[in-house]
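Engineer: One structure follows; several queries about it will come next.
Protein chains in written order, with our numbering: chain A, 1 to 111; chain B, 1001 to 1114.
Right, dumping it as structure tokens:
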């Protein structure tokens, strides 16, 4: 079955540490996105990529970085510059009808 | 003003009730419209796309009014399993090779009780 795989499901970060969240898709979609969701709030766009080797900042890119070396993969790094990283992170790929398919998410907690 | 605004609720309704959610969007260049459903601590899942002519999928009916920049979702004969957060979503297509970006409302919480 085609889909989006995010890992890990839960991640704990120490202060000052960089961590990388994985997102892999086998849907053959060009466009991929990273969103952040805080409790009781909507999704906010961090970064997106509409083609391999190209990506754009979203609304809240500060403290995050991405790469898109392969069509299937769009990893997100949460750097130590992100001061409030505790959140639910969602990766999505966008199909030809413009709707998104989401991965199951990664819950990141700062300890 | 937020790009996509929804009444956050919560809506508490008995089983069998009809409930309607409304959503407004600010960018008239918005091209595609969707309703997503998100269960607690899960990822959002596409419930239905919204077309200008209105569309229905079983107990769910979606309407779009481009002139008023307004989207609605009607749920008839509510089930316990309909309890979730419903997200109004719009896509602004920039043309060319761009797919556009989806912008999400903050969601409307629905609880259906026995």
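All C-beta atoms, glycine included, are put in the ideal place defined by N, C-alpha and C. Computed from a prediction, not measured in an experiment: that's the story for all the values here.
Compile a chain-ordered list of the residues in the stretch 33-49 of chain A whose CB is closer than 7 Å to at least one CB of chain B.
Structural biologist: Listed in sequence order: 41, 42, 43, 45 and 48.
Engineer: Under the rule that 16 or more other beta-carbon atoms within 10 Å means buried, what is residue 20/A, buried or exposed?
Structural biologist: Translated into positions along the first chain, residue 20/A becomes position 20. The residue in question, residue 20/A, is exposed, as its Cβ has fewer than 16 Cβ neighbours within 10 Å.
Engineer: What residues from chain B crowd round residue 21/A, counting only those whose CB sits closer than 9 Å?
Structural biologist: Your numbering for residue 21/A matches position 21 in the first chain. Simply none; closest approach about 14 Å.
Engineer: Which stretch, first to last residue, makes up the beta strand (DSSP E) that contains residue 1039/B?
Structural biologist: Position 39 of the second chain, counting from 1, holds the residue named residue 1039/B. Counting along the chain, residue 1039/B falls outside any beta strand (DSSP E), and DSSP gives it neither H nor E.
Engineer: Closer than 8 Å by beta-carbon distance: list the chain B residues that pair up with residue 64/A, in chain order.
Structural biologist: Residue numbering aside, residue 64/A sits at position 64 when the first chain is read from its first letter. Chain B residues near residue 64/A: none, gap ~16 Å exceeds 8 Å.
Engineer: For residue 102/A, go through chain B and note every residue whose CB falls closer than 8 Å to its CB, in chain order.
Structural biologist: Counting from one through the first chain, the residue named residue 102/A turns up at place 102. The contacting residues are 1043, 1044 and 1045.
Engineer: Which same chain residues end up closer than 8 Å to residue 1092/B when comparing Cβ atoms and leaving out the 5 residues on each side of it in sequence?
Structural biologist: Taking the first residue of the second chain as position 1, residue 1092/B is located at position 92. So the list reads 1027, 1029, 1030, 1031, 1100, 1101 and 1103, once near-sequence residues are dropped.
Engineer: Excluding the 5 residues flanking residue 128/A on each side, which residues of the same chain have their C-beta closer than 7 Å to its C-beta?
Structural biologist: Since the first and last residues shown for chain A are 1 and 111, residue 128/A lies out of range.
Engineer: Under a Cβ-count criterion, where at least 16 other Cβ atoms within 10 Å of its own Cβ denotes burial, should residue 141/A be classed as buried or exposed?
Structural biologist: Since the displayed chain A opens at 1 and closes at 111, residue 141/A lies outside it and no answer follows.
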